[in-house]
Amino acid sequence: MLVSFVLLSSHTNRKMEEGMFPLSEMKNINLQQIGLKMAPQDLYNPNGTSLIDAIVRVGGCTGSFLSNDGLIVTNHHCAFGFVTAISTPQHNYMKEGFLAKTRGEERLAQGLLCKITASYEDVSVKVLAGTESIADPNERLQRIATNIKNITTAENKANIDLQCEISEMFTGRTYVLFRYKLLKDVRLVYVPARSIGEYGGELDNWVWPRHSGDFAFLRAYVAPDGSAAEYSEKNIPYKPAKFLKVNPKGVKENDFVFVLGYPGRTYRHQPAKFFEYHDAFYLKYISEMYDWQINKMEEMSKGNDSLEIRYAGRMKSLANTTKNFKGKLQGFRRAGLTKQKAEDEKQLEQFIAADPTLRNKYSEVIPRINTIYGEIIANAPRNLWYDFVYSTVPALQFAATIDNYADAYNELKTDSEKDAFILKQKPRIEQMLSRYLSSYDKPLEHAALINMLEQAQGLDAQNRIQTIDAMMDKKINFIKFTDELFTKSIFCSPEKVKALYEKDVKKLFAIKDPMKTFASSLNQEMNPDDEKDRKRESELNLLMAKYVDAKSIWKQKQFIPDANGTLRFTYGSVKGYTPNDGEYNKPFTTLTGVIEKESAEFELLAVIKELHKTRDYGSFMHPDLNDLPVNILYNLDTTGGNSGSPVMNAYGDLIGVNFDRAYTATINDYAWNETYSRSVAVDIRYVLWVLQKVAKADNLLKEMNVN
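Going from the sequence shown to this note's numbering is simple: count from 1 and add 241.
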């Protein structure tokens, strides 16, 4: 059962518009008028079972239940890391695909957690309680954090079978408590060959026309009593409250469609200076760093099957992000977003200045936001360097973590205080130790550290890293320095670190080690910057609440919250578009297009070529196209996190699996526009055809009641 909360005003007589709508807003939408042909309560029922009960968060993606035995469909790229984890050069499931013909053959997706929204409620009043009289932004944010901790602790005690989280819907302003049912035992059922699930690889990523079979099947298991449980042979398939009906007839152009899913993060309500920061610096820097990592992993894994498998998931994720960011940069330029946002804010400031009451309350908001972001932009090269020197060198990151804990430990006076500190921090240290042990890669980290040291030489005067400058003054060779670190440091021998930690964590805190010494020097420089960042965050939390308030008054409307990983609804229609002058793209691609793309970059299975040659499409041919549909294009409002979201027709039947956006739509995170915002799904007819004709997975077709 879902407890609703109200964020927005009523919406009726609506054409397709921007919106990743919280479920609470659905009661204010005239669902039948926008094209829905099922009873609204069957789509969303706060007091009973409805379609939303079939939607599940799959790690950082979305999925949907397709049977009473916990069968989940999501994207190939969402399952890719897990199928890679069970692959070897001898059994390369990553390349060749994986199919469990029986339940006993299903393989655990190690570490994958699925979550189902059980209920939610607005807790803004509780979260903001006591903040009205606090003038200091730091104290205000600390009070909010304390309130959130107290609320979630109480909720988790009262709901021991659920995970309770509070999500910020509007910065410093609106907070919602979500209760989730967890599924901890999730297994791989079918992952198509990489040449199907990732047809064209990165060359075709974020591209339309597209011809990818980006889908995969999982199964969720629970303990025999129905409770969430870690993997066990005794576990049984999860029985969802609702599962979707698969419609093998699919959809046609202009048909109404909608999506339910867990979109990750958008930034549409951020100020102009935030846009400037991303446009002028952040997106470009991240793209360049990821490109370097990809190129280095390609170089190191060339001709090495084991390394190719090991790096595949990471390279895929990095390549996906860097191409997305480059698309965003193009979108900023083409749409003139930063300039447009700044002009909007000038109008808002004029509106505020014209009213004495508003002027008294809001006149300092935008100028102060601009000042803070000016500082963020000025210090961005230095701060992002710190982020990447740690994220690309996990050994250094773990050494820095141990150094921080050691400093805190050494400040304590009594043995009892020190023992209590270790007891309290041990779970967190062990979590980070586990992550370090699993991610450590000596050759890659060695190369990454040299790259970061060399990069530090080029920082401008106000962003210099004194630790690195001191090395340069002493004419220390970066390559030799890195060689010595990775030869002499215990942090470059993970098993020794683990053994020392298990023997006596105090000795790990006290160890004299060159990597820890280097990390300590960086920490001492970084800590003042971190403190400044915390102060900026605290002030922005209060300023952004006022910023959205002022905009609401100016626009005379309430806004849809930015995506934040919570369940959302978006709707529209199957529709082509014109990405460039004189170029129109149709909303369907077909198997013929798959065949036409075959090349060195577009590897094609022989069985698919033969099936196309004989036109063996089964019952899945599109009547208007006279071909097998592969991918669909539609004008819905989606972003990262919607990967794997079910695309449904007007009756709530599954007709596709969302997996991407067109290149022009990568800018969706900042601004949505019906003329260029298009999302992409794999047509359910292609999914079913691959299952039937290529994989021979009749067991899955039968389970989904597809003949």
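Even glycine gets a Cβ: it sits at the ideal position worked out from N, Cα and C.
From residue i to residue j, what does the alpha carbon distance come to, in whole angstroms?
i                 : j                 : result
isoleucine 873    : glycine 311       : 26 Å
asparagine 946    : phenylalanine 484 : 12 Å
lysine 525        : alanine 621       : 12 Å
lysine 375        : glycine 352       : Reading off the sequence, residue 375 comes out as isoleucine, not lysine. Roughly 42 Å separates the two Cα atoms.
glutamate 347     : aspartate 546     : 24 Å
glutamine 949     : arginine 420      : There is no way to answer for residue 949, as the model of the chain reaches only from 242 to 948.
asparagine 704    : leucine 763       : 13 Å
tyrosine 650      : glycine 300       : 35 Å
tyrosine 531      : glycine 897       : 31 Å
phenylalanine 321 : proline 330       : 16 Å
glutamate 540     : lysine 683        : 15 Å
asparagine 446    : glycine 572       : 16 Å
isoleucine 836    : leucine 866       : 16 Å
valine 928        : threonine 507     : 29 Å
asparagine 782    : tyrosine 603      : 15 Å
alanine 553       : threonine 325     : 7 Å
leucine 845       : serine 779        : 53 Å
tyrosine 479      : proline 450       : 37 Å
phenylalanine 281 : threonine 415     : Correcting the residue identity first, residue 281 is proline in this sequence and not phenylalanine. C-alpha separation (whole angstroms): 26 Å.
valine 738        : arginine 551      : 23 Å
proline 820       : tyrosine 917      : 6 Å
aspartate 377     : glycine 806       : 30 Å
glycine 371       : lysine 747        : 40 Å
serine 814        : aspartate 878     : 11 Å
alanine 295       : leucine 307       : 8 Å
histidine 252     : serine 679        : Because the pLDDT of histidine 252 is 39, which lies under 50, any placement of that residue in the model is unreliable, and the question is left without a value.
lysine 943        : lysine 557        : 33 Å
glycine 260       : arginine 902      : 16 Å
arginine 600      : proline 828       : 49 Å
glutamate 766     : lysine 537        : 29 Å
lysine 796        : phenylalanine 411 : 16 Å
alanine 847       : glutamate 839     : 11 Å
serine 305        : serine 730        : 47 Å
alanine 804       : leucine 272       : 21 Å
aspartate 596     : threonine 612     : 23 Å
glycine 276       : glycine 442       : 35 Å
alanine 702       : alanine 619       : 11 Å
Quick test of your reading: residue i and residue j, contact by CB under 8 Å. State the CB separation rounded to the nearest angstrom.
i              : j                 : result
proline 735    : tyrosine 825      : Proline 735 to tyrosine 825, Cβ: 55 Å. No contact.
valine 500     : threonine 907     : That pair is no contact at about 17 Å.
threonine 723  : leucine 690       : 5 Å
glycine 834    : valine 888        : That pair is no contact at about 19 Å.
asparagine 883 : glycine 502       : 4 Å
glutamate 373  : lysine 425        : Between lysine 425 and glutamate 373 the Cβ distance is about 41 Å, and since that is not below 8 Å, they are no contact.
isoleucine 401 : leucine 418       : With a Cβ gap of about 16 Å, isoleucine 401 and leucine 418 do not count as contacting.
asparagine 890 : valine 492        : 6 Å
serine 754     : phenylalanine 732 : This sequence places aspartate at residue 754; serine is not what is there. So it is a contact: roughly 7 Å between Cβ atoms.
glutamate 616  : arginine 777      : 7 Å
Which two residues bound the contiguous alpha helix (DSSP H) that contains residue i?
i              : result
glutamate 590  : 578 to 594
proline 378    : 378 to 399
tyrosine 650   : 635 to 651
tyrosine 462   : Not the alpha helix (DSSP H): tyrosine 462 falls in the beta strand (DSSP E), residues 457 to 463.
methionine 530 : 524 to 542
threonine 598  : 597 to 603
Mind checking which residues open and close the beta strand (DSSP E) that includes residue i?
i              : result
leucine 685    : Here leucine 685 belongs to no beta strand (DSSP E); instead the alpha helix (DSSP H) covers 683 to 697.
valine 297     : 296 to 299
lysine 356     : 355 to 363
lysine 422     : 415 to 424
serine 305     : 302 to 306
methionine 410 : 403 to 411
aspartate 924  : 920 to 924
valine 898     : 895 to 902
tyrosine 812   : 809 to 814
asparagine 872 : 870 to 875
For residue i and chain C, any beta-carbon pair shorter than 8 Å?
i          : result
lysine 582 : You won't find chain C in this structure, because it holds only one protein chain.
Answer yes if the segment 451 to 467 comes into contact with the segment 306 to 323, meaning at least three C-beta pairs across the two stretches below 8 Å, and no otherwise.
They touch, by the three-pair rule.
At 4 residues or longer, what runs of the alpha helix (DSSP H) sit wholly inside the segment 309 to 333?
Under the rule that a run must span 4 or more residues, the alpha helix (DSSP H) segments found entirely inside the segment 309 to 333 read 317 to 326.
So does the segment 931 to 942 actually touch the segment 428 to 447, counting three or more Cβ pairs closer than 8 Å?
They touch, by the three-pair rule.
Segment contact, 8 Å Cβ cut-off, at least three pairs: the segment 567 to 584 with the segment 507 to 520
The segment 507 to 520 and the segment 567 to 584 touch, with three or more beta-carbon pairs separated by less than 8 Å.
Taking 8 Å as the cut-off, does the segment 742 to 752 touch the segment 657 to 671 (at least 3 CB pairs, one atom from each stretch)?
The segment 657 to 671 is in contact with the segment 742 to 752.
Determine contact between the segment 707 to 719 and the segment 630 to 640, defined as no fewer than three beta-carbon pairs at a distance below 8 Å.
Cβ pair count under 8 Å is below three, so no.
Which runs of the beta strand (DSSP E) fall wholly inside the segment 428 to 496 and span at least 3 residues, in chain order?
457 to 463, all fully within the segment 428 to 496.
Which ranges does the alpha helix (DSSP H) cover as unbroken runs of at least 4 residues, wholly within the segment 723 to 793, from first to last along the chain?
Correct list: 735 to 744 and 746 to 751.
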